[in-house]
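K.L.:
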Amino acid sequence: MNLSISNFRYFFKTIFSYLKILVVLVIAMELSLFVLQKLNMLPFNGPSYDASLVQKTNLYADMNPLHGVWRFPNAKARISGGCYDAMNYSNSIGARDDEWKEGEYEKSAIVLGDSYIEGYGVNEEYRATEVFEKKSGIKMKNMAISGHFGPTQYRLLYKRFKDEITHDYVFVGLNLPNELKDEDYEKWKNKSRYRPYLTGEYPNYELTYGSVPLSKSIFTEKKGISSLVKNVLNEYSQIYHFILFYSTKLKVTYWDMNLKEEASEEALDTQNLDRIRYNLEQIDSLSGDRKVFVFRVPSEKTEIEIDRNYNYLKRKTNKTGNIIFLDFPANFQVPKNLYFNCDPHWNQEGNKYVGEGLYQAFKAAFYTDKL
Amino acid sequence: MLFNSWLYIAFLVVVVLVYWFFLSNKKYYRNIFLLLISYFFYGCWDWRFLGLIFLSSLIDYFVSLKIFENAGNKKVWLILSLACNLGLLFVFKYFNFFIESWVDLMNSVGFQTDYYSLSLILPVGISFYTFQTLSYTIDVYRGVLKPVKSSVAFFAYVSFFPQLVAGPIERACNLLPQFEKIKSFNPVPFASGVKLIIWGLFKKMVIADYCAIYVNHIFSNYTQASSSELLLGAVFFGFQIYGDFSGYTDIAIGSARLLGFDLMKNFRTPYFATTLADFWRRWHISLTTWFRDYLYIPLGGSRGGLKKTIRNVWIIFLVSGFWHGANWTFIIWGGIHALFFMPYLLKWNENSFFKKFPAILGTLFTFAIVSLAWVFFRAPSVSVAYDYLKGIFVNENSGIFDQILWVPSLLIILFLILEKTIKDSEVPSIFKFESVVFRRVFIVVTIGCILFFSLITTQNEFIYFQF
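First to last, the sequence lines map onto chains A and B. In terms of my numbering, the first sequence has 321 at position 318, counting the first letter as 1, and numbering is strictly consecutive. In terms of my numbering, the second sequence has 104 at position 94, counting the first letter as 1, and numbering is strictly consecutive.
1. Would A/N10 count as contacting chain B if we go by Cβ distances under 8 Å?
2. Tell me which same chain residues have a C-beta within less than 7 Å of the C-beta of B/E471, skipping the five on either side of it?
3. For the segment 19-39 of chain A, which residues have a beta carbon sitting closer than 8 Å to at least one beta carbon of chain B?
4. Using a C-beta to C-beta distance shorter than 8 Å, which residues of chain A count as neighbours of B/F51?
5. Nearest to A/V357 by alpha carbon, out of A/V235, A/T132 and A/V297?
6. State yes or no: is the C-beta of A/L62 within less than 8 Å of the C-beta of A/A89?
7. Report the residue ranges of all beta strand (DSSP E) runs contained in full by the segment 285-364 of chain A; include only those spanning at least 3 residues, in chain order.
8. The alpha helix (DSSP H) with A/W73 in it runs from where to where?
9. What residues are listed by DSSP as bridge partners for A/N145?
10. Quick check: the Cα distance between B/F443 and A/S250, rounded to an integer number of angstroms?
11. Determine the contact status of A/K192 and A/K142, defining contact as a CB-CB distance below 8 Å.
12. Shorter than 8 Å from the beta carbon of A/L262 to some beta carbon of chain B?
13. Whole angstroms is fine: what's the gap from B/V25's alpha carbon to B/I47's?
14. From this set, B/D288, B/L269 and B/G270, which residue's C-alpha is nearest B/R278's C-alpha?
15. How big is the Cα-Cα spacing for B/I179 and B/G331?
16. Please go through the same chain and pick out, in chain order, the residues whose beta-carbon is closer than 6 Å to the beta-carbon of B/T467, but skip the five residues on each side of it.
17. Using a Cβ cut-off of 8 Å (strictly closer), state whether A/A266 contacts chain B.
18. When DSSP builds the beta bridges, which residues end up paired with A/D65?
19. Does the Cβ-Cβ distance between A/D166 and A/R293 come in under 8 Å?
20. Going by Cα to Cα distance, which pick from B/I320, B/I223 and B/I460 is closest to B/F411?
21. Let me see if you follow: with CB-CB separation under 8 Å, is A/Y212 close to chain E or not?
22. Chain B partners of A/L253, CB-CB under 7 Å?
23. What separation, rounded to the nearest whole angstrom, lies between the Cα atoms of B/I136 and A/Y188?
24. Could you pull the start and end residues of the alpha helix (DSSP H) that B/N470 belongs to?
25. Interface residues of chain A around B/V451 at Cβ under 8 Å?
26. Can you say whether B/I460 is buried or exposed, counting buried as having 16 or more other CB atoms within 10 angstroms of its CB?
27. Can you tell me where the alpha helix (DSSP H) with B/D288 in it begins and where it stops?
28. Alpha carbon to alpha carbon, how far is B/G257 from B/E436?
29. When you compare only the Cα positions, how much space is there between B/V150 and B/Y139?
30. Is DSSP giving A/T376 helix, strand or coil here?
31. List the residues of chain B whose Cβ lies closer than 8 Å to the Cβ of A/I246, in chain order.
32. Count the other CB atoms, across all protein chains shown, that sit within 10 Å of the CB of A/I30; report buried if there are 16 or more and exposed otherwise.
33. Using DSSP with H/G/I as helix, E/B as strand and the rest coil, what is B/P418?
34. Report yes or no: do three or more beta-carbon pairs, one from the segment 63-70 of chain A and one from the segment 323-340 of chain A, lie closer than 8 Å?
35. Hey, quick one: how far does the beta strand (DSSP E) through B/L90 stretch, first residue to last?
36. Grab me the residues of A/Y119's own chain with a C-beta within less than 7 Å of its C-beta, minus the 5 sequence neighbours each way, in chain order.
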């Protein structure tokens, strides 16, 4: 006997009853979490219920023909994961910073770097650059950005904005050995992102863009359906935050495992290191008489490898100009608990720690080199 | 196509709908349909091995007919079937092991021997369907089963997709007649099939895959792990493999039930066993009974006195270990079970001294032995397993995890509580509450847990697919 009409009725009745239970459970859980949130009894931030944060466009995208990725001006977005939650605002030129007013600061610096320097996952006031700013009194104009951004782009971004933005110094944070991978044209040329690379041999490089034109890059202004849905859930669902937080918490050890990588014993990637030092020398040249402070992004991951690469750059970079390599205090490492649990970036405490370390490094250079 | 994938769920829904809508009362076409979708299912892994399963089915179909017709010498036909089936198994699964072991042996006594191995991929499920076809031919030879006339029904029986790649190893006398029956849709077993699939997915995706994260890390870094981590690693692996294999079995039985088929039970809460003998009555029942019926009893079973019984038990366990894989680790795994089975054979457990102990101690002792053996089962080599076990007692490392492994431990405790409520049933009692609403609430919550853990773990293949 095949399926009969009564079987179908039974089947759909059962499914419908499960759906009813599901709806009731979801509503009950949303309400319970809402109450607990109001009583400050949850370890995570809930939804904002702010419609303005549900946006159809991304905060940043591959948009600039010169350096690829950049932020939209005067935009805002909430960037959150299971262990971080931060508001991001861009100013009128697209930097993740407040509006810079002429003449308001005695000394100021343009800061170039990637997501670590941008302060990914923490609010602006807690970033390493802000910590440094408070200690040194130098206004740090943070132009770092996450999203596939390397030294060639630092240089091009600086070239684009250097005359528009008043500044006395330039700070460049190098996230080694990540930058080496980022600069590798052969590795990335056929990827679906638009970005510039250096090809050729030091110092006769040519600026080359990957095979994907700007209009065809996958990182566009318009959000995809899945990220739009995530965005809606982020701003309106307690359950979404609950799942995000606890699934991340259970993954923590898994992330810890991945952290424990051995330092590579391979020969230095001098080809890409030379590309980085060329970019540093060019930034130095573009900056005129201003001092360019270079520092490495400290990490817990592969300290030895970072030092090997950094020392190569220190040794080889032409220092006839104004480049000063900053050295963090001896054995300066960011302990594991100063990172997010679910993401390789520094947490708020980590940013504070690095900001203070950078200040000490800066102070040491200040006493020796005289600003 | 993994059982724990959306693709399989979609595949199953389509198959079930087509089956019950159009084919359930058309026996012949229904069997053709089941055969085709089973071959499609198997071909999704590697279509090249479809020839093997076809060949194995073809040989046993004709051999059993010849045996039944008494054509020539029955024994010759049986030997032909055994040679073909075990020959395929030998070539694909054991050839390289024997060559490697031979070369190692020769080199160890000073003869330099050239190494030669075959670059063969192990066809998924070969040990399972080979044993299934063998049991059919042997049963026909013994006269306990009449050969089936419909080739389509027989081919569909061998390749029936829910149990094709990792069992249960069905007996023809149970499964084959079900292919010859007209099916009628019954919502009760259908609903129980769905529940069993959900419970199987829970075991696989929540228990097994979550434990796997820790197990893999501990076994890969056993030299740096602390003693307690190594100990927990062995325990977690016990639950990983149980969740993985019994989860697969539940999904297989549940899927078959959605099509109106009843597959045999393969597990009965084995970690609550009070003796090792009890454990083997509860663990991988279809394989244990297969070895009992087709190897242990033909060897004389327990009829030839204690010495012969001990010999037969050792043979069964060593062969069982070897069935799992061509590696000395599996043979030692079987050996450990045989060794700790001896007190049971010698009836030490009936001694009044042991009878004074509460049953829970028996359960804990049995679990400890099983976990010890699992280390050999999981380790890539005997030396790794030895070092791992040694490390449990002598390691003074600070460990590889920064925190106490409380999440998987709590999860296992929760799982054991749920398992305890299963008793002689198939699913925990929360799935069988009197109140329909409560029952459904628990089912929805279980599905929620499965989806939640799918965000945490990576999709892993079932461990027993490699056998």
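Even for Gly, the Cβ is constructed at its ideal location relative to N, Cα and C.
P.N.:
On the basis of the supplied data:
1. Yes, because at least one Cβ of chain B sits closer than 8 Å to the Cβ of A/N10.
2. So the list reads L12, once near-sequence residues are dropped.
3. Within the segment 19-39 of chain A, contact with chain B at the beta-carbon level (separation under 8 Å) is assigned to S20, Y21, I24, L25 and L28.
4. The CB of B/F51 never comes closer than 8 Å to any CB in chain A; the least such distance is about 23 Å.
5. Just measuring C-alpha positions, the residue of A/V235, A/T132 and A/V297 sitting nearest A/V357 is A/T132.
6. No, they are not a contact pair.
7. Counting only unbroken stretches of 3 or more residues, the beta strand (DSSP E) elements lying wholly within the segment 285-364 of chain A are 294-299 and 326-328, in sequence order.
8. Judged by DSSP secondary structure, A/W73 falls outside any alpha helix (DSSP H) and instead within the beta strand (DSSP E) spanning G71 to R74.
9. Partner(s): A/V114.
10. Across the structure, B/F443 and A/S250 are spaced so that their CA atoms are roughly 29 Å apart.
11. The beta carbons of A/K192 and A/K142 sit no closer together than 8 Å.
12. With a pLDDT of 49 at A/L262, under the threshold of 50, the modelled position of that residue is not reliable, and the figure given next carries that caveat. With 8 Å as the cut-off, A/L262 does not count as an interface residue toward chain B.
13. In this structure, the alpha-carbon of B/V25 lies about 8 Å from that of B/I47.
14. Checking every option, the nearest Cα to that of B/R278 belongs to B/D288.
15. Going by the C-alpha atoms only, they are around 16 Å apart.
16. If we look at B/T467 and ignore the five residues flanking it on each side, its Cβ neighbours are D219 and Y220.
17. Low confidence applies to A/A266: its pLDDT is 48, below 50, so where it sits in the model is not reliable enough to give any reading.
18. Answer is A/V72, bridged to A/D65.
19. Their beta carbons are not under 8 Å apart, which means A/D166 does not touch A/R293 by this criterion.
20. The option with the nearest alpha carbon to B/F411 is B/I223.
21. Structure shown: chain E not included; protein chains present are A and B.
22. What A/L253 touches in chain B: V417 and I466.
23. Distance between the alpha carbons of B/I136 and A/Y188: 46 Å.
24. Following the DSSP letters along the chain, one finds B/N470 in no alpha helix (DSSP H), marked with neither H nor E.
25. For the C-beta of B/V451, the chain A residues within less than 8 Å are, from N- to C-terminus, I24 and L28.
26. Here B/I460 is buried. Its C-beta has 16 or more other C-beta atoms within 10 Å.
27. Where B/D288 is concerned, the enclosing alpha helix (DSSP H) stretches over L286 to R292.
28. Each residue's alpha carbon lies about 11 Å from the other.
29. Rounded to whole angstroms, B/V150 to B/Y139 spans 17 Å at the Cα level.
30. This structure does not reach residue 376 of chain A, given that chain A is present from 4 up to 374, and the question cannot be answered.
31. Correct list: F462 and L465.
32. Counting other Cβ atoms within 10 Å of its Cβ, A/I30 stays below 16 and is therefore classed as exposed.
33. Note: B/P418 maps to helix in three-state DSSP.
34. Output reads no: the segment 323-340 of chain A does not touch the segment 63-70 of chain A.
35. Run containing B/L90: none in the beta strand (DSSP E); it sits in the alpha helix (DSSP H), K84 to L99.
36. Same-chain partners within the cutoff: G176, N178, V300, H348 and W349.
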